[in-house]
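Colleague:
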Amino acid sequence: MSSQLNISRRLLLAGSAAGAVTPLLGMPAAIAQAPAPKTNSGHYSFRIGDIKATVVSDGTLSGNPRIYASTAQAEELGRTLSDAFLPTDTFRLNLNTLLLENGDRRILIEAGAAQTLGPDGGHLFRNLAAIGVQPEHVDAIVITHTHPDHVGNLSRSDGSSAFPKATVYIPEDDFAFFIRNEPDLSRLPMPEDFRRAFIANIKRSVAPVAKSAVLYRPGSEVLPGLTTIAAGGHTPGMSAILVHSGAQALLITSDAAYSPLLNIDNAWRPGPDLDPDSALQSRTRLFDRAATDRIPVLGFHFPFPGIGNIRTTDGGYRWVAANWRFDG
Ligand SMILES: [Zn+2]
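Here the sequence shown stands for residues -32 to -1, 1 to 296, numbered as in mature numbering (1 follows the signal peptide of the UniProt record, and there is no 0).
1) Could you check if residue 115 belongs to the surroundings of ligand 1, using beta carbon to heavy atom distance under 8 Å?
2) I want to check one thing, is the minimum distance from the CB of residue 93 to the heavy atoms of ligand 1 below 8 Å?
3) Among 242, 239, 33 and 233, which residue has its Cα nearest to the Cα of residue 288?
4) Looking only at its own chain, which residues have a Cβ that is under 7 Å from the Cβ of residue 196, when we skip the five neighbours before and after it?
5) In this structure, does DSSP put residue 59 in helix, strand or coil?
6) For a test of your reading of the model: does the CB of residue 226 fall under 8 Å from any non-hydrogen atom of ligand 1? Yes or no.
7) Taking C-alpha atoms, which residue in 107, 97, 179 and 253 lies nearest to residue 68?
8) Got a sec? Which residues, its chain only, sit under 6 Å from residue 296 by beta carbon, not counting five neighbours each side?
9) In terms of alpha-carbon separation, which member of 18, 25, 76 and 19 lies closest to residue 8?
10) How far does the beta strand (DSSP E) with residue 219 in it extend, from its first residue to its last?
11) If I'm right that residue 228 touches residue 202 with Cβ under 8 Å, what's the distance once you round it to whole angstroms?
12) Are the region 65 to 85 and the region 39 to 46 touching by the rule of at least three beta carbon pairs closer than 8 Å?
13) Given a threshold of 16 other Cβ atoms within 10 Å of its Cβ, counted over all protein chains shown, does residue -3 qualify as buried or as exposed?
14) From the DSSP output, in three-state form, read off residue -12 for me.
15) Can you name the start and end residues of the beta strand (DSSP E) that residue 28 belongs to?
16) On the premise that residue 198 lies in contact with residue 267, defined as a C-beta separation below 8 Å, what is that separation, rounded to the nearest angstrom?
17) Indicate whether residue 111 and residue 141 have their beta-carbon atoms separated by less than 9 Å.
18) What is the DSSP secondary structure of residue 64, reduced to helix, strand or coil?
19) For residue 40, collect the residues of the same chain with a Cβ closer than 6 Å to its Cβ; drop the 5 residues on either side in sequence, then sort them by chain order.
20) For residue 70 versus residue 271, is the C-beta distance shorter than 9 Å?
21) Indicate whether residue 172 and residue 200 have their beta-carbon atoms separated by less than 9 Å.
22) Does ligand 1 have even one heavy atom less than 8 Å from the beta-carbon of residue 223?
23) For residue 32, I'd like the list of residues in its chain whose CB is within less than 8 Å of its CB, leaving aside the five on either flank, ordered along the chain.
24) Should residue 268 be listed as close to ligand 1, given that the test is whether its C-beta is under 8 Å from any heavy atom?
25) Check residue 299 in the structure and name its three-state DSSP category.
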């Protein structure tokens, strides 16, 4: 008797959570009994011509907002965040990797952070599995630059390659700067021990593919339908990527901007840009191209799934987030 009561109570609660409009007796048993999911979906599919594209989240990272908007006045930054209903003491960035499926080939753009920059990364493999993709199904991984949040998942904790069959593409100038040499990151707005761990994480993540990686110079079509675009400044070799198929395209701006709010709607500069003037020129070139040619943009760190358009305004730019689509 009491267990029956509990069941009805649970059904009633499930009904009220769903808006209390579904007649309980008409609800399919599978829905009525399904446990509540622990998280929302971490993948989002759409098409670029013949290519099936899926944003696959590796989670998030967060830090002091001043890191991502280094040229903002403290008071104005606080007001902007608070006007956007965001906390003023910490700012969250997403980690939007992109899986491209063309015929039987699977290409991943960026490997994600794992936990190299905090405990909220490392969801890539779970989210790939949710769409039926195992690491050995990935044929190629294109890295836009070798910061730890873009290469973190390349290696397993035992130092082996996490994507055993993938050819990894890395910009030549980043490989020379971060992997072959000891990078000087003294101008980055982080403490010395953070910088040391940052560099160690890059080297550890890239180590299993260092010998086999294909080093590329941005400006070429590294794979069919994937044109790299020089966008240095954030790092020496950073590349943007234009994915194109038929009449459709998507511009991946990598870390030219961290946040639509902080770096597009407001023109504040990301603190970690190694060469701020070159980074600004790259950012302006990419934004102008996206606006002029009306190309949809994917921002690696933008609010999931990170897709939208950039338009010009009087002397600046404005981000317009894409509507959610259910026909992926
Ligand atoms: Zn990044």
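Every residue, glycine too, gets a C-beta built ideally from N, C-alpha and C.
Modeller: The relevant details are as follows:
1) Along the sequence shown, read from residue 1 onward, the residue named residue 115 stands at position 147. Yes, since a heavy atom of ligand 1 falls inside the 8 Å radius drawn around the Cβ of residue 115.
2) Within the sequence shown, numbered from 1, the residue matching residue 93 stands at position 125. Not one heavy atom of ligand 1 falls within 8 Å of the beta-carbon of residue 93.
3) On the sequence shown, residue 288 is found 320 positions in, with the first residue counted as 1. Out of 242, 239, 33 and 233, 233 has the C-alpha closest to the C-alpha of residue 288.
4) If you number the sequence shown from 1, residue 196 lands on position 228. Result list for residue 196: 184, 186, 187, 188, 190, 207 and 209, in chain order.
5) Taking the first residue of the sequence shown as 1, we reach residue 59 at position 91. Of the three classes helix, strand and coil, the one that applies to residue 59 here is strand, per DSSP.
6) Translated into the one-based positions of the sequence shown, residue 226 becomes position 258. Yes; taking the cut-off as 8 Å, the Cβ of residue 226 has a heavy atom of ligand 1 nearer than that.
7) In the sequence shown, counting from the first residue as 1, residue 68 sits at position 100. Comparing Cα-Cα distances from residue 68 to each of 107, 97, 179 and 253, the minimum goes to 107.
8) Residue mapping note: residue 296 aligns to position 328 of the sequence shown, counting from 1. So the list reads 13 and 14, once near-sequence residues are dropped.
9) Start at 1 with the first residue of the sequence shown, and residue 8 comes out as number 40. Comparing Cα-Cα distances from residue 8 to each of 18, 25, 76 and 19, the minimum goes to 25.
10) Here the question's residue 219 lines up with position 251 in the sequence shown. Here the beta strand (DSSP E) through residue 219 covers 216 to 222.
11) Reading the sequence shown from its first residue, position 260 is the one you call residue 228. Reading the sequence shown from its first residue, position 234 is the one you call residue 202. Actually they do not touch by this definition, with Cβ atoms about 17 Å apart.
12) Counting C-beta pairs closer than 8 Å gives fewer than three between the region 65 to 85 and the region 39 to 46, which falls short of the contact rule.
13) Within the sequence shown, numbered from 1, the residue matching residue -3 stands at position 30. With a pLDDT of 45 at residue -3, under the threshold of 50, the modelled position of that residue is not reliable, and no figure is offered here.
14) For the purposes of this step, residue -12 is identified with residue 21 of the sequence shown, where counting begins at 1. Bear in mind that the predicted position of residue -12 carries a pLDDT of just 37, short of 50, making it unreliable; the figure below should be weighed with that in mind. In the structure shown, residue -12 sits in coil (DSSP, three-state: anything other than H, G, I, E or B).
15) Against the sequence shown, residue 28 aligns to sequence position 60. Here the beta strand (DSSP E) through residue 28 covers 19 to 31.
16) As a position in the sequence shown, residue 267 is number 299, starting the count at 1. As a position in the sequence shown, residue 198 is number 230, starting the count at 1. In fact, because the Cβ distance is near 18 Å, the residues do not count as touching under 8 Å.
17) The sequence position of residue 111 within the sequence shown is 143, counting from 1. The sequence position of residue 141 within the sequence shown is 173, counting from 1. Their beta carbons are not under 9 Å apart, which means residue 111 does not touch residue 141 by this criterion.
18) In the sequence shown, the residue the question calls residue 64 occupies position 96. Note: residue 64 maps to strand in three-state DSSP.
19) Along the sequence shown, one-based indexing puts residue 40 at 72. Around residue 40: 236.
20) To locate residue 70, count along the sequence shown from 1; it is residue 102. To locate residue 271, count along the sequence shown from 1; it is residue 303. Taking 9 Å as the cut-off, the Cβ atoms of residue 70 and residue 271 do not count as close.
21) For the purposes of this step, residue 172 is taken as residue 204 along the sequence shown, with counting starting at 1. For the purposes of this step, residue 200 is taken as residue 232 along the sequence shown, with counting starting at 1. Contact: no.
22) Residue 223 sits at position 255 when you count from the first residue of the sequence shown. The answer is yes for residue 223.
23) Counting from one through the sequence shown, the residue named residue 32 turns up at place 64. Excluding residues within five positions, the ones whose Cβ falls inside 8 Å are 57, 58 and 59.
24) Against the sequence shown, residue 268 aligns to sequence position 300. Checking the Cβ of residue 268 against ligand 1 gives yes.
25) Nothing about residue 299 can be read from this structure; the chain reaches only from -32 to 296.
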